[in-house]
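Novice:
2 protein chains.
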Amino acid sequence: MSRIKKSCAPRYARWLQSTNNITQQFLAIGGRQDFVSLAGGLPASELYPIELMREAMDRALTRWGSHALEYGPVEGFPALRDAIARRMSRMTGRRFAVGNILITTGAMQGLDLMGKVLLDPGDLVVAQFPTYLGALDAWRARQPVYEKLTWDLDRPGFDEALRRAKFAYAVPNYSNPTGVLVPTPARQLLLEKVVEAGTLLVEDDPYLPLQLDGAPGPSMLAIDSAMGEQAPYRGSVVYLGTLSKSVVPGLRVGWLVADPELVQTLAVAKQSSDISSSMLTHALALEFVDSTFEEQHAPKVVAVYRERRNALLHAAEEYLSDWFEWDVPPGGMFVWMRARDGTGAPVINTNDLYAYAVDEKVAFVPSSVFDFEGRLTTAMRVNFSRSSPEVIAEGVRRLRRAVERYLTSNSRVPPSLSRASF
Amino acid sequence: MSRIKKSCAPRYARWLQSTNNITQQFLAIGGRQDFVSLAGGLPASELYPIELMREAMDRALTRWGSHALEYGPVEGFPALRDAIARRMSRMTGRRFAVGNILITTGAMQGLDLMGKVLLDPGDLVVAQFPTYLGALDAWRARQPVYEKLTWDLDRPGFDEALRRAKFAYAVPNYSNPTGVLVPTPARQLLLEKVVEAGTLLVEDDPYLPLQLDGAPGPSMLAIDSAMGEQAPYRGSVVYLGTLSKSVVPGLRVGWLVADPELVQTLAVAKQSSDISSSMLTHALALEFVDSTFEEQHAPKVVAVYRERRNALLHAAEEYLSDWFEWDVPPGGMFVWMRARDGTGAPVINTNDLYAYAVDEKVAFVPSSVFDFEGRLTTAMRVNFSRSSPEVIAEGVRRLRRAVERYLTSNSRVPPSLSRASF
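Here the protein sequences come in this chain order: Z and A. Taking our numbering, the leading residue of the first sequence gets 2, the next gets one more, and so forth. Taking our numbering, the leading residue of the second sequence gets 2, the next gets one more, and so forth.
#1: So the beta strand (DSSP E) R339 of chain Z belongs to, where does it begin and stop?
#2: Under 7 Å from any heavy atom of the ligand GTP, does the C-beta of V370 of chain Z make it?
#3: Starting from M381 of chain A and walking both ways along the beta strand (DSSP E), at which residues does that stretch end?
#4: So with CB distances below 8 Å, who are the chain A contacts of R55 of chain Z?
#5: Counting only beta-carbon atoms, is V118 of chain A nearer than 8 Å to chain Z?
#6: Can you pull the chain A neighbours of F168 of chain Z, defined as C-beta to C-beta under 9 Å?
#7: Between Q18 of chain Z and chain A, is there a C-beta pair that is closer than 8 Å?
#8: Please state whether the Cβ-Cβ distance between D205 of chain Z and A268 of chain Z is less than 8 Å.
#9: Between E374 of chain Z and chain A, is the shortest Cβ-Cβ distance under 8 Å, so that the two count as touching?
#10: Pull the bridge partners of Q129 of chain Z from the DSSP assignment, please.
#11: Does the beta-carbon of R309 of chain Z have 16 or more other beta-carbons within 10 angstroms, so that it is buried, or is it exposed?
#12: Taking the alpha-carbon positions, what's the L400 of chain A to D342 of chain A distance?
#13: For my contact list, S273 of chain A and R15 of chain Z are in at a C-beta cut-off of 8 Å; report their separation, rounded to the angstrom.
#14: Count the C-beta pairs between the region 351-358 of chain A and the region 371-384 of chain A that are closer than 8 Å, then say yes if the count reaches three, no if not.
#15: With DSSP collapsed to three states, give me the class of L112 of chain A.
#16: Mind reading off the beta-carbon distance from T132 of chain Z to F373 of chain Z? Whole number of angstroms is fine, and I expect it under 8 Å.
#17: Pull up the distance between the alpha-carbon of L213 of chain A and that of M92 of chain A, whole angstroms please.
#18: Just tell me which of A:R165, A:P184 and A:A166 has its CA closest to the CA of N174 of chain A.
#19: Considering only the beta carbon of each residue, do G255 of chain A and L241 of chain A sit closer than 8 Å?
#20: Check distances from the C-beta atoms of the region 88-110 of chain Z to those of chain A and list, in chain order, the residues that come in under 7 Å.
#21: Nearest chain A C-beta to P250 of chain Z closer than 8 Å, yes or no?
#22: What would DSSP say about F349 of chain A, mapped onto helix, strand or coil?
#23: Are the beta-carbon atoms belonging to G100 of chain A and P233 of chain A less than 8 Å from one another?
#24: Please tell me whether V126 of chain Z and A166 of chain Z are closer than 8 Å, where the distance is taken between their beta carbons.
#25: Could you name the residues of the same chain whose beta carbon sits closer than 8 Å to that of A86 of chain Z, not counting the 5 residues immediately before and after it, in chain order?
#26: Can you list the beta strand (DSSP E) stretches of 3 or more residues lying completely in the region 148-195 of chain A, in chain order?
#27: Would you verify that the beta carbon of Y460 of chain A is, or is not, closer than 8 Å to some beta carbon of chain Z?
#28: When you compare each of Z:V238, Z:L62 and Z:G215 to A198 of chain Z by their alpha carbons, which one comes out closest?
#29: Quick check: is the beta carbon of A80 of chain Z nearer than 8 Å to any beta carbon in chain A?
#30: Who are the near neighbours of L201 of chain A in its chain, counting only those whose CB is closer than 6 Å to its CB and skipping five residues on each side?
#31: H298 of chain Z: which of Z:Y13, Z:L53 and Z:L114 sits nearest, CA to CA?
#32: Here's a check: name, in chain order, each residue in its chain whose Cβ is nearer than 6 Å to the Cβ of R307 of chain Z, leaving out the five neighbours to either side.
#33: Where do the ends of the alpha helix (DSSP H) carrying Y240 of chain A lie?
#34: Return the CA-CA distance between R156 of chain Z and M221 of chain A, expressed in angstroms with no decimal places.
#35: Rank Z:G332, Z:L321 and Z:P347 by C-alpha distance to the C-alpha of M338 of chain Z and give the top, closest one.
#36: Taking Cβ positions only, does M280 of chain A come closer than 8 Å to chain Z?
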């Protein structure tokens, strides 16, 4: 009996031909001691409430006993669904029922399930551009096609694209990757068009707690909620929330708000992915959601992130402003740096620059990975949440050296990585 | 601005036309106080180690601090992967490396990811028949076709089916739904054929700890491991394990063992499903895996389940043996009861019987849901792990009343549920 040859092994599914492991690359680089990673989207782990987690476990096991160690309802631990329904009701001024809520493995599983339930190959998604890499990842296995949502909502063809779309996707609060806060009138107009087109809007809202410069205005879910009276909510918005930024990412607790019929269909899809989530993580999450923890904790997180954002902007002004420009993000975790044009010199290609940056032991995320076609090569996403102001400043100095080496290189051939890796 | 009409909402993906919510139905019935559910596959929750879980949390947070509350590596918490690699090495007598191990949300996510990575619509799976409902659920969104694996491995066409298959699927230990323990020679022969065909074998092994009548013999992973020398393992078996039966299901910690290249591809797919699992659940699982808990706990679980199996068989002998026959399952959670034939009377249709059973406030799982074509209507899966011997006996008495009413009914039309619900 001979060993199987690699060439005989079954072929992978077609969608894997179009994927990449770039997030894994970033995570690997983020873990290297001598590196400054401005690439990831990780919270400041020194703020994680370790002792409160220990106490939460005590209370949760006392309250729920074996129910916290059981397979649970696919839709989530009932008391947590109820608490999230109350939270969303407070947030929007409108009553949400438990049937509107699906608890998910982070907001990411909500994106995955929306793709699983709605997308067949070739189906259309109208996605805010540039687009959160994780959303593109989540839907890749369903092989959709994309139209860009760039907030010039009256452009020709946009209404028609919405009519053909299975759903539209937006991150109105401190968008990933751009940090943009979408103004209320644009939210209203998009929602009107979505309703008119008879499609859905997926509002991805992980950065809501990270309000560095004041409140962001009403969510699109709240705007839609204000228009209908009946309970439970049956509107056009599918809202994704998470505890990853306001408590800890390691619980992997997020939630989805939608029409109860869609929630039930998503639950069928979730059950076929993992039967149910860990009820223990739901019971732990409940201890934080059903307390004043988040409102006490958020100001600390915001103060730390604001200082770090300002440190990044200060260093970038000193070291990178000859070649890049940016808007100050009023919240979130990222500054979106666009290569300057019009100086006569060729615009910096951030795919190529990345190789020089890795050589200088600093990482960012090149813009191409936020473009479903991979063509956007003139910007970079720079994170400020994970590192101290001093480390951020050191990272920016390394970035400057990378830019200088890139610009003085004759060949423009990256020193150690090929462009093909994106 | 008018409200969206339901009829305008986007159409669901095609695979949802072929799905059902039967598991949710069973879970809902299982939660009703006045019901005896012999339907689910739930462990005996009175054996869950609540106090040990509290202590595990203390130790895990002290050992790992913020690392336990972080996004983690997609492949799983490194120390847990290492501990599982050591466990699988002990189990097989062959060295498995960390790179062979992917930690999953229960074994179910392993099934889901195998489908995501290997199946395009129309691809072939050769699946042990009757087939675990959850596996059919997991792959439905990928729209495969099936060939039956019924252990008559020399039947014409079987080798050819394996050659065309993306993978074969089997539950050799105390199979769900039949409780069958596949003998070692049949495992060996199947593995030879799988290797010969150049395909993969998915060995789903959740019931390994539930050895009611002695050890089950070597896993197919162990048989395959014995044939190759190199480390890490690069063979043809993809093994799925879980802590759901040996510790608690509520951690949702399972694992997959495979060729490291396949593990990396599955990790790409997992990242696009949920970014990473909860590192907290992995750190908690480690406290149980890296201790003598399971070896001390397993005999207690086995003793309880053996008593319950015997109670079920005893009651069934008294109340159901006129109409059903069965083999004594040497392990696991289920007795597979087949309607007797050859008495002149029509064979009992368990889809129809189910409606009478629900009317008598007892539930089982009809065989049709374990058939990818839904045609197998002459058997039922009866669970013995979840309820006390007394409750099981009461359930069997109710089942007898359901059978009697079903048989004396002239119309054979179920009283309250239509067959269409399966």
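Using N, Cα and C, we set each Cβ at its ideal position, and we do this for glycine too.
Specialist: Once the coordinates are examined:
#1: Here the beta strand (DSSP E) through R339 of chain Z covers F335 to A340.
#2: For the ligand GTP, the structure offers nothing, since it holds no ligand at all.
#3: Segment A380 to N384, the beta strand (DSSP E) holding M381 of chain A.
#4: The answer, in chain order, is M58, D59 and L62.
#5: It does: the Cβ of V118 of chain A has a partner Cβ on chain Z nearer than 8 Å.
#6: Simply P11.
#7: With its beta carbon at least 8 Å from every one in chain A, Q18 of chain Z lies outside the interface.
#8: Cβ distance not < 8 Å, so D205 of chain Z and A268 of chain Z don't count as in contact.
#9: For E374 of chain Z, not one C-beta of chain A is nearer than 8 Å to its own C-beta.
#10: DSSP output for Q129 of chain Z lists Z:L150 as bridge partner(s).
#11: Buried.
#12: Distance between the alpha carbons of L400 of chain A and D342 of chain A: 19 Å.
#13: That belief does not hold up - the Cβ atoms of S273 of chain A and R15 of chain Z are roughly 15 Å apart, past 8 Å.
#14: Yes: the two stretches touch, three or more of their Cβ pairs being nearer than 8 Å.
#15: If DSSP states are grouped into helix, strand and coil, L112 of chain A belongs with the helices.
#16: A Cβ-Cβ separation of about 6 Å places T132 of chain Z in contact with F373 of chain Z under the 8 Å criterion.
#17: When rounded, the distance between both Cα atoms is 19 Å.
#18: Looking at the Cα atoms, A:P184 is the closest of the given residues.
#19: Cβ distance < 8 Å, so G255 of chain A and L241 of chain A count as in contact.
#20: Along the region 88-110 of chain Z, the positions whose C-beta sits under 7 Å from a C-beta of chain A are T106, G107, M109 and Q110, read in chain order.
#21: Yes, P250 of chain Z lies at the interface with chain A (some Cβ there is under 8 Å from its Cβ).
#22: Note on identity: in this sequence residue 349 of chain A is Ile, with Phe being the wrong assignment. The three-state reading of DSSP puts I349 of chain A in coil, since its state is none of H, G, I, E or B.
#23: Cβ distance < 8 Å, so G100 of chain A and P233 of chain A count as in contact.
#24: Taking 8 Å as the Cβ cut-off, V126 of chain Z and A166 of chain Z qualify as a contacting pair.
#25: Excluding residues within five positions, the ones whose Cβ falls inside 8 Å are F97, A98, V99, N101 and I102.
#26: If you keep only unbroken beta strand (DSSP E) runs of at least 3 residues inside the region 148-195 of chain A, you get 166-171.
#27: No answer is possible for residue 460 of chain A: it lies beyond the span of chain A, which begins at 2 and ends at 423.
#28: The candidate whose alpha carbon is nearest that of A198 of chain Z is Z:V238.
#29: Not one chain A Cβ lies under 8 Å of A80 of chain Z.
#30: Around L201 of chain A: F168, S237 and V239.
#31: Checked all of Z:Y13, Z:L53 and Z:L114; the closest Cα to H298 of chain Z is Z:L53.
#32: Within the same chain, Cβ atoms closer than 6 Å to the Cβ of R307 of chain Z are found at L213, the five residues on either side in sequence being excluded.
#33: It is not in any alpha helix (DSSP H) - Y240 of chain A instead sits in the beta strand (DSSP E) that spans V238 to T243.
#34: Looking at the backbone, the Cα of R156 of chain Z and that of M221 of chain A are separated by about 60 Å.
#35: With distances taken between Cα atoms, M338 of chain Z lies closest to Z:L321.
#36: Closer than 8 Å: yes.
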